[in-house]
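Scroll down for the structure; my scribbles are underneath it.
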Amino acid sequence: MCLGIPGRLTGIEEQDGLRVGTVDFGGVRKQVCLAYTPQAGVGDYVIVHVGFAISVVDATEAQRTLAVLRAMGDVLEQELGP
Amino acid sequence: MKYLDEYRDPDLARALLAELRRVTTRPWTLMEVCGGQTHTIVRQGIDELLPGGIRMIHGPGCPVCVTPLEVLDQAMTIAQRPEVILTSFGDMLRVPGSHTDLLALRARGADVRVVYSPMDAVALARSHPDRQVVFLAVGFETTAPANAMAVRHAATLGLTNFSVLVSHVLVPPAMTAVLRAPTCRVQGFLAAGHVCAVMGWTEYEPIAAEHRVPIVVTGFEPLDLLEGILMAVRQLETGSYRVENQYARAVRREGNTAAQDAVRSVFRITDRSWRGIGAIPASGLTLTDAYAAFDAGRRFDVGSIVVREHPDCIAGGILTGDRVPTDCHAYGTACTPRTPLGAPMVSAEGTCAAYYSAGRRRAPAPGDPS
Ligand code: SF4
Numbered sequence: 001m002c003l004g005i006p007g008r009l010t011g012i013e014e015q016d017g018l019r020v021g022t023v024d025f026g027g028v029r030k031q032v033c034l035a036y037t038p039q040a041g042v043g044d045y046v047i048v049h050v051g052f053a054i055s056v057v058d059a060t061e062a063q064r065t066l067a068v069l070r071a072m073g074d075v076l077e078q079e080l081g082p
Numbered sequence: 001m002k003y004l005d006e007y008r009d010p011d012l013a014r015a016l017l018a019e020l021r022r023v024t025t026r027p028w029t030l031m032e033v034c035g036g037q038t039h040t041i042v043r044q045g046i047d048e049l050l051p052g053g054i055r056m057i058h059g060p061g062c063p064v065c066v067t068p069l070e071v072l073d074q075a076m077t078i079a080q081r082p083e084v085i086l087t088s089f090g091d092m093l094r095v096p097g098s099h100t101d102l103l104a105l106r107a108r109g110a111d112v113r114v115v116y117s118p119m120d121a122v123a124l125a126r127s128h129p130d131r132q133v134v135f136l137a138v139g140f141e142t143t144a145p146a147n148a149m150a151v152r153h154a155a156t157l158g159l160t161n162f163s164v165l166v167s168h169v170l171v172p173p174a175m176t177a178v179l180r181a182p183t184c185r186v187q188g189f190l191a192a193g194h195v196c197a198v199m200g201w202t203e204y205e206p207i208a209a210e211h212r213v214p215i216v217v218t219g220f221e222p223l224d225l226l227e228g229i230l231m232a233v234r235q236l237e238t239g240s241y242r243v244e245n246q247y248a249r250a251v252r253r254e255g256n257t258a259a260q261d262a263v264r265s266v267f268r269i270t271d272r273s274w275r276g277i278g279a280i281p282a283s284g285l286t287l288t289d290a291y292a293a294f295d296a297g298r299r300f301d302v303g304s305i306v307v308r309e310h311p312d313c314i315a316g317g318i319l320t321g322d323r324v325p326t327d328c329h330a331y332g333t334a335c336t337p338r339t340p341l342g343a344p345m346v347s348a349e350g351t352c353a354a355y356y357s358a359g360r361r362r363a364p365a366p367g368d369p370s
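Residue numbers (full-length UniProt numbering), protein chains in the order written: chain A, 1 to 82; chain B, 1 to 370.
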């Protein structure tokens, strides 16, 4: 139950005074409370835990980490040979 | 979800492992403090791929496992009342209490329901004004904001038939307790990414400095874990002891301040006993006086319950990293995910269940029939 799962925000509405969004988890859609991610917009990836978006995934940071890892792989290959 | 899937790329994993082998000159022992990370590590066999000498110890990171027995027994007592609908996350239903579990009570007629979110429990209270809806609110800092909002929302709606049995636990005091234990072998931590998504990592900075341990905020995908391990080992190899953030795509230093504010408005810090470990000062959350009306423990008066653990279960040793599940005599025989004797065998995040689903075998003792 402690896992947060990333999904894409596909719609936002208001329910009983709370900001609520629809999040698509690779085909499965769920209603999610957005009270803690007021900055999240449609199209953003959010990390959802027990029905609440707790964090917006920073796409630039995600790509940057992967770029660093890939570069490290190349360096290693050059160093270690084929 | 392309860039998220890429965090499972086996080529990048190999590159990370090669780099880890390159930088490692000595044995090091690290602890991950998140059941989700334990699950990935054991399932993907990451601990078995690491260069010789690097050991992962699985910490007390499964919220289901550390929920004290008396809270479970209280929940079961409340669930047996005819006017009550008891709600919780699915994992909690199978955790053995002193005498039974919630699933068995449901089979005997108790109204026990699984919810996906605490907000679902609030909705249930709204649609059943003639019943008392109780939510068993467990979990770490990640779950507390959701439970805080459920209580606040119930208050806003003026519900008088909703209450929560709160047993929240906090990670930094548990890490300190692990480090202070005389048997502690942990030299560095992988901190739970989603706990830090809520809380940030400022609380970890004094721990890293005082105990001279690197702490790396780490995500949950295989690449996250390998990179987190690499960052911790690099620090250990160079003698530095800082908090670093591997999981920058989801975690910022200050965390989620809106969530923190909500938690502070509904809960206050309290001493808490952890199943298998015992009492840790200032390691839990309980409702503030302003929200005492939503406290199920008060509403149903369940303070005097006496508890009994299964005598074979070595959960305490498992949760502090002193023992591994294959050390337990009941592992895989008397205790399996279908018939758990102790909490670490229940949830997929529990160390015993993670070992079992990965097919790890217990070395048979001489004369042992299994
Ligand atoms: S295998 Fe079962 S009995 Fe043994 S420590 Fe784990 S949960 Fe307890």
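Cβ coordinates follow ideal geometry from the N, Cα and C atoms, glycine included. Here the structure is a predicted model, which is why all the values come from computation and not from measurement.
- Residue burial is scored here from C-beta neighbours: ASP101(B) has at least 16 other C-beta atoms within 10 angstroms and is therefore classed as buried.
- Going by DSSP, MET92(B) is part of no alpha helix (DSSP H) at all; its letter is neither H nor E.
- Buried is the label assigned to VAL115(B), since at least 16 other Cβ atoms lie within 10 Å of its Cβ.
- Cβ atoms of VAL243(B) and GLU205(B) come within 8 Å of each other, at about 5 Å.
- Not one beta carbon of chain B lies nearer than 8 Å to the beta carbon of ALA67(A).
- Here the alpha carbons of TYR241(B) and ALA67(A) stand approximately 26 Å from one another.
- Classified as buried, ASP224(B) has 16 or more neighbouring CB atoms from the shown chains inside 10 Å of its CB.
- Judged by their CB atoms, GLN31(A) and VAL48(A) are not nearer to each other than the 8 Å cut-off.
- For the segment 139-152 of chain B, the set of positions with a beta-carbon nearer than 7 Å to some beta-carbon of chain A reads GLY139, PHE140, THR142, THR143, PRO145, ALA146, MET149 in chain order.
- Non-local beta-carbon contacts of GLY316(B) in its own chain, meaning distances under 7 Å to residues more than five positions away in sequence, involve GLY276, ILE277 in chain order.
- By the CB criterion at 8 Å, VAL198(B) and TYR291(B) fall outside the cutoff.
- By the beta-carbon neighbour count (other beta carbons within 10 angstroms, threshold 16), ASP120(B) is buried.
- Pairing VAL66(B) with LEU93(B) gives a Cβ-Cβ distance that is not under 8 Å.
- Interface annotation for the segment 168-196 of chain B against chain A: ALA192, GLY193, HIS194, VAL195, criterion Cβ-Cβ distance under 9 Å.
- Taking a C-beta distance under 8 Å as the contact criterion, ALA155(B) and SER117(B) do not qualify as a contact pair.
- When C-beta distances to chain B are compared with 9 Å, the residues of the segment 48-62 of chain A below that value are HIS49, VAL50, GLY51, PHE52, ILE54, SER55, VAL56, VAL57, ASP58, ALA59, THR60, GLU61, ALA62, in chain order.
- Using a Cβ distance threshold of 8 Å, LEU159(B) and ARG106(B) do not count as a contacting pair.
- Per DSSP, the beta bridge partners of ASP295(B) are VAL164(B).
- For ALA330(B), the shortest C-beta to heavy atom distance toward ligand 1 is below 7 Å.
- Boundaries cannot be given for CYS335(B), as no beta strand (DSSP E) includes it and DSSP labels it neither H nor E.
- When the beta-carbon positions are compared, GLU254(B) and VAL23(B) stay at least 8 Å from each other.
- For ASP312(B), the shortest separation between its Cβ and any heavy atom of ligand 1 lies below 7 Å.
- Annotation: LEU157(B) to ASP16(A) spans about 9 Å, alpha carbon to alpha carbon.
- Taking CB atoms only, ARG70(A) has a neighbour in chain B less than 8 Å away.
- For MET175(B), the shortest separation between its Cβ and any heavy atom of ligand 1 does not lie below 7 Å.
- Around the C-beta of HIS99(B), fewer than 16 other C-beta atoms lie within 10 Å, and the residue is accordingly described as exposed.
- Distance from PHE135(B) to VAL164(B) at the Cβ level is roughly 5 Å; contact confirmed, criterion being Cβ atoms closer than 8 Å.
- Listed by position along chain B, the residues whose Cβ is nearer than 9 Å to that of GLY4(A) are GLY36, THR142, GLY193, HIS194, ALA197, PHE220, ALA250.
- By the neighbour-count definition (other C-beta atoms within 10 Å, threshold 16), ARG272(B) is a buried residue.
- Using a Cβ-Cβ cut-off of 8 Å, TYR355(B) does not count as an interface residue toward chain A, since no Cβ of chain A sits closer than that to its own.
- In the DSSP annotation of this structure, CYS34(B) is not part of any beta strand (DSSP E), being labelled neither H nor E.
- Residue burial is scored here from C-beta neighbours: PRO344(B) has at least 16 other C-beta atoms within 10 angstroms and is therefore classed as buried.
- For a cut-off of 8 Å, the C-beta gap from ALA330(B) to CYS313(B) is around 7 Å, short enough to register as a contact.
- For the 8 Å CB-CB criterion, LEU230(B) and LEU16(B) form a contact.
- Straight across, the Cα-Cα distance linking PRO340(B) with ASP91(B) is about 12 Å.
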